[in-house]
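> Sending over a structure as structure tokens; questions will come in a sec.
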Amino acid sequence: MRAIWKGSITFGLVNVPVKLYSATEEHDLQLHQVHDADGGRIRYQRKCEVCGKKIEYAHIDKAYDDGEQTVVLTDEDMEALPAEKSREIEVMEFVPNEQIDPILFERSYYLEPDSKSPKAYMLLRQVLEETERTAVVKLSLRQRTRLASMRVRDGVLTVQTMRWSDEVRAAEFESLDADITVGKREMELARSIVRDLEADFEPEQYVDEYQEQLHKLVEAKLEQGDALDTAATFGEAEEGEGAEVIDLLEALQRSVEKKRSGGKGEADASGSAAKGTAKQKAAKQAAADGESTTKKVATKKPASKKSGAKKSTAKKSAEKKPAAKKKSA
Numbered sequence: 004m005r006a007i008w009k010g011s012i013t014f015g016l017v018n019v020p021v022k023l024y025s026a027t028e029e030h031d032l033q034l035h036q037v038h039d040a041d042g043g044r045i046r047y048q049r050k051c052e053v054c055g056k057k058i059e060y061a062h063i064d065k066a067y068d069d070g071e072q073t074v075v076l077t078d079e080d081m082e083a084l085p086a087e088k089s090r091e092i093e094v095m096e097f098v099p100n101e102q103i104d105p106i107l108f109e110r111s112y113y114l115e116p117d118s119k120s121p122k123a124y125m126l127l128r129q130v131l132e133e134t135e136r137t138a139v140v141k142l143s144l145r146q147r148t149r150l151a152s153m154r155v156r157d158g159v160l161t162v163q164t165m166r167w168s169d170e171v172r173a174a175e176f177e178s179l180d181a182d183i184t185v186g187k188r189e190m191e192l193a194r195s196i197v198r199d200l201e202a203d204f205e206p207e208q209y210v211d212e213y214q215e216q217l218h219k220l221v222e223a224k225l226e227q228g229d230a231l232d233t234a235a236t237f238g239e240a241e242e243g244e245g246a247e248v249i250d251l252l253e254a255l256q257r258s259v260e261k262k263r264s265g266g267k268g269e270a271d272a273s274g275s276a277a278k279g280t281a282k283q284k285a286a287k288q289a290a291a292d293g294e295s296t297t298k299k300v301a302t303k304k305p306a307s308k309k310s311g312a313k314k315s316t317a318k319k320s321a322e323k324k325p326a327a328k329k330k331s332a
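Counting the sequence shown from 1 gives a position; this note's numbering is that position plus 3.
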């Protein structure tokens, strides 16, 4: 890793020299925009609206428009700001770990000791662990004064920049003010589902399925070109369940029964109205299946190449042993 900032942590009269590193990185596949006709790269140019010339980045300043006037801020103006020159992570206070709302968090950074003797760093790390406190700090980073938290993660001092309080919107939804009573049976079923899904959080077990499929698509196109059989590459898409939920109680009941049966089937919906609707759906489905079977027996027409490919793919997918499902993030 490469340090992106150097400075010192200050609390009281103690000074702790540190280097700051980005703690996270994106795993998304980097894509470019191209012309659909010839594959040429699409590039955006910085063009001045007054003179019409292309402008190099070195000749671009920032500006603020209040609707009537425009104030131009040069690099020299920005660098002259006192906060921009600060190379300190100033500790404002130490608060209980649980008091900081996670909605405030933005980016995460690691702090490494930047001195021959890391004793002051070790001291701060140990006192944060023993007191179970998080330091609320201020620092200047990338031309902005940042509010941040500093805590210990896996033995490393970690800074997480935070939004200012006026940047967090209030959650005001009229729909949540409605007077709705949750039934006892619904609560029992909901608690049962929660108990069945209780676990310790292990982020490693979750994968970005979209990125996996995107990588797979790119690899397949590299090998096969544009003549790509999507079904052969990804397999048949699973049909979504629960698209027509009759009521909350029925959905909860189905979830509990499905979990208990290992996902092999769904329980009958409770309530006469629910049962009636379920029977009607079953009858319609049976009729449709019967009609479909009759048509297939009566007339055997040669399938088109496209449909044949799909059936072949589906057959191959059915013969393969189903892989264990992974939870998606």
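Here a beta-carbon is modelled for each residue, glycine too, at the ideal position from N, C-alpha and C.
Bear in mind the structure is a predicted one, so any value in this text is a computation, not a measurement.
Using the rule of at least 16 other Cβ atoms within 10 Å of the residue's Cβ for burial, across every protein chain shown, is MET95 buried or exposed?
With fewer than 16 neighbouring CB atoms inside 10 Å of its own CB, MET95 falls in the exposed class.
> According to DSSP, ASN18 sits in a beta bridge with which residue or residues?
THR13
> Look up MET95 in the DSSP assignment and say whether it is helix, strand or coil.
strand
> Should GLU253 go down as buried or exposed, given a rule of 16 or more other Cβ atoms within 10 Å for buried?
buried
> Please state the DSSP three-state secondary structure of ASP80.
helix
> Measuring CB to CB, does THR73 end up less than 8 Å from ALA66?
yes
> Judging by CA-CA distance, which residue of THR164, ILE12 and GLU133 is the nearest neighbour of SER25?
Ranking the options by Cα distance to SER25, first place goes to THR164.
> Contact check, ARG147 vs LEU107 under 8 Å by CB: the rounded distance?
For a cut-off of 8 Å, the C-beta gap from ARG147 to LEU107 is around 15 Å, too long to register as a contact.
> By the three-class DSSP mapping on this structure, what secondary structure does PRO116 have?
strand
> Should ILE63 be labelled buried (16 or more other beta-carbon atoms within 10 Å of its own) or exposed?
exposed
> Quick check on this structure: which residue in LYS119, VAL155, GLY186 and ARG136 has the alpha carbon closest to the alpha carbon of SER111?
VAL155
> Is the number of C-beta pairs between the region 4–19 and the region 112–120 that are closer than 8 Å three or more?
As far as the Cβ criterion goes, the region 4–19 touches the region 112–120, which means the pair count is three or higher.
> Please look up how many angstroms separate the CB atoms of ARG149 and LYS141, rounded, as I've assumed it's under 8 Å.
7 Å
> Assuming LYS224 is part of the alpha helix (DSSP H), what are its boundary residues?
That run of the alpha helix (DSSP H) goes 212–227.
> Rank SER264, GLU177 and VAL210 by C-alpha distance to the C-alpha of HIS30 and give the top, closest one.
The residue with the shortest Cα to Cα distance from HIS30 is VAL210.
> Locate the beta strand (DSSP E) running through MET4, then write down its first and last residues.
Taken as a continuous stretch (DSSP letters only), MET4 belongs to no beta strand (DSSP E), as it is neither H nor E.
> Give, in chain order, every unbroken run of the beta strand (DSSP E) that is at least 3 residues long and sits entirely within the region 120–168.
136–143, 148–156 and 159–165
> Nearest to ALA123 by alpha carbon, out of LYS262, THR13 and ARG257?
THR13
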